[in-house]
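Colleague:
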Ligand SMILES: NC(=O)C1=CN([C@@H]2O[C@H](COP(=O)(O)OP(=O)(O)OC[C@H]3O[C@@H](n4cnc5c(N)ncnc54)[C@H](OP(=O)(O)O)[C@@H]3O)[C@@H](O)[C@H]2O)C=CC1
Ligand SMILES: O=C(O)C1=N[C@H](C(=O)O)C[C@H](O)C1
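Numbering (my numbering), first residue to last: 5 to 250.
1. Is it the case that the segment 172 to 188 contacts the segment 149 to 164, given that we only count it when at least three CB pairs across the two stretches are under 8 Å?
2. Should residue 149 be counted as a contact of ligand 2 given a C-beta to heavy atom distance under 8 Å?
3. Whose beta carbon lies closer than 5 Å to any heavy atom of ligand 1, going through the chain in order?
4. When the Cα of residue 213 is compared with those of 177, 176, 111, which residue comes out closest?
5. Consider the C-beta atom of residue 135 and the heavy atoms of ligand 2; say whether any pair is separated by less than 8 Å.
6. Let me check you understand the geometry: is the CB of residue 255 closer than 8 Å to at least one non-hydrogen atom of ligand 2?
7. CB-CB under 7 Å to residue 90, same chain, minus the five flanking residues each way: which ones, in chain order?
8. Check whether the Cβ atoms of residue 206 and residue 25 sit closer than 9 Å, and answer yes or no.
9. Taking the alpha carbon of residue 161 as the point to measure from, which residue in 229, 5, 123 has its own alpha carbon closest?
10. For residue 40, does the count of other Cβ atoms within 10 angstroms reach 16, so buried, or fall short, so exposed?
11. Thinking just about the alpha-carbon of each residue, which of 241, 247, 9 is nearest to the one in residue 101?
12. With a CB to CB cut of under 6 Å and the five nearest residues on each side skipped, what residues in its chain are close to residue 8?
13. Nearest to residue 227 by CA position, among 15, 28, 16, 86, is which residue?
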């Protein structure tokens, strides 16, 4: 029997593509919700729900997943530490894939970023993350930029909180703090998603860049995650688990 995949925010940029990808995967679309709808109704009609809407919808959807005993794929960005902690708590009772970016290339990029950061001493190589997105994006830095920052910190055996971040520099900022992770966000036009990670030392720079040209790559990954979640035990999963890179 076809799996029923519910799509939160079905009228959004991602919501529309998710509906197309669900159909292309041969899975049945259980329905779609729009802003203001009760997440419980969407879960009741679905075997799994995909939520690419807004950070503020993450907790209601995670709680509805627990109440319904059904899995959730969460792709919204810009979650606060508190919202992320609540999602992690819900994942103790329901299987949840929460990923900053569902493109396979970005998930490889995250793994490489961690290894590069482990190899390049923080005292010599300043890590800077630059991202650019379409003019409609409402959060900054992007979820992917934050995930890259976390990967760099992990590679250096620390956390972003401990390493310190430098974001949106303006005015008399003082010199760059050694070991801090820098962020810059550009917004304009219809850029689907571009992320660069720079390691800048006194006599060399290394720059890695990923560019998405079609946001369908995220929708394909999210539907893959929804199908992968069928029959999984409760837990907080990432796209690297879905892709077998965990
Ligand atoms: N992890 C990943 O790989 C990716 C993540 N994203 C993230 O997905 C999210 C959506 O992106 P995108 O589709 O471009 O955005 P859109 O603004 O195009 O769509 C968002 C949709 O969610 C609805 N919505 C907004 N707020 C709420 C809410 N509080 N509760 C329920 N529904 C709500 C909107 O309804 P209305 O029309 O009424 O405003 C709209 O239908 C963003 O957080 C983005 O960063 C995007 C691409 C890839
Ligand atoms: O809002 C977007 O469009 C995107 N959001 C995600 C993010 O914040 O990293 C993923 C991708 O970059 C597109």
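Using N, Cα and C, we set each Cβ at its ideal position, and we do this for glycine too.
Modeller: To lay it out plainly:
1. yes
2. As a working note, residue 149 is residue 145 in the chain shown. Result yes, Cβ under 8 Å from ligand 2.
3. 13, 15, 16, 17, 18, 39, 56, 57, 58, 60, 61, 79, 80, 81, 105, 106, 222
4. Working through the chain shown from its first residue, we reach residue 213 at position 209. Per the Cα distances, 111.
5. For the purposes of this step, residue 135 is identified with residue 131 of the chain shown, where counting begins at 1. Correct: residue 135 has its Cβ closer than 8 Å to ligand 2.
6. Outside the modelled stretch of the chain, which goes from 5 to 250, sits residue 255, for which no answer is possible.
7. In the chain shown, counting from the first residue as 1, residue 90 sits at position 86. Contacts found: 63, 66.
8. Along the chain shown, one-based indexing puts residue 206 at 202. Along the chain shown, one-based indexing puts residue 25 at 21. Not in contact: residue 206 and residue 25 (Cβ atoms no closer than 9 Å).
9. Stepping through the chain shown from its first residue, residue 161 is reached at position 157. Answer by Cα proximity: 123.
10. Along the chain shown, read from residue 1 onward, the residue named residue 40 stands at position 36. That one is exposed.
11. For the purposes of this step, residue 101 is taken as residue 97 along the chain shown, with counting starting at 1. Cα-wise, what sits closest to residue 101 is 241.
12. As a position in the chain shown, residue 8 is number 4, starting the count at 1. 32, 34, 50, 51, listed in sequence order.
13. Within the chain shown, numbered from 1, the residue matching residue 227 stands at position 223. Comparing Cα-Cα distances from residue 227 to each of 15, 28, 16, 86, the minimum goes to 28.
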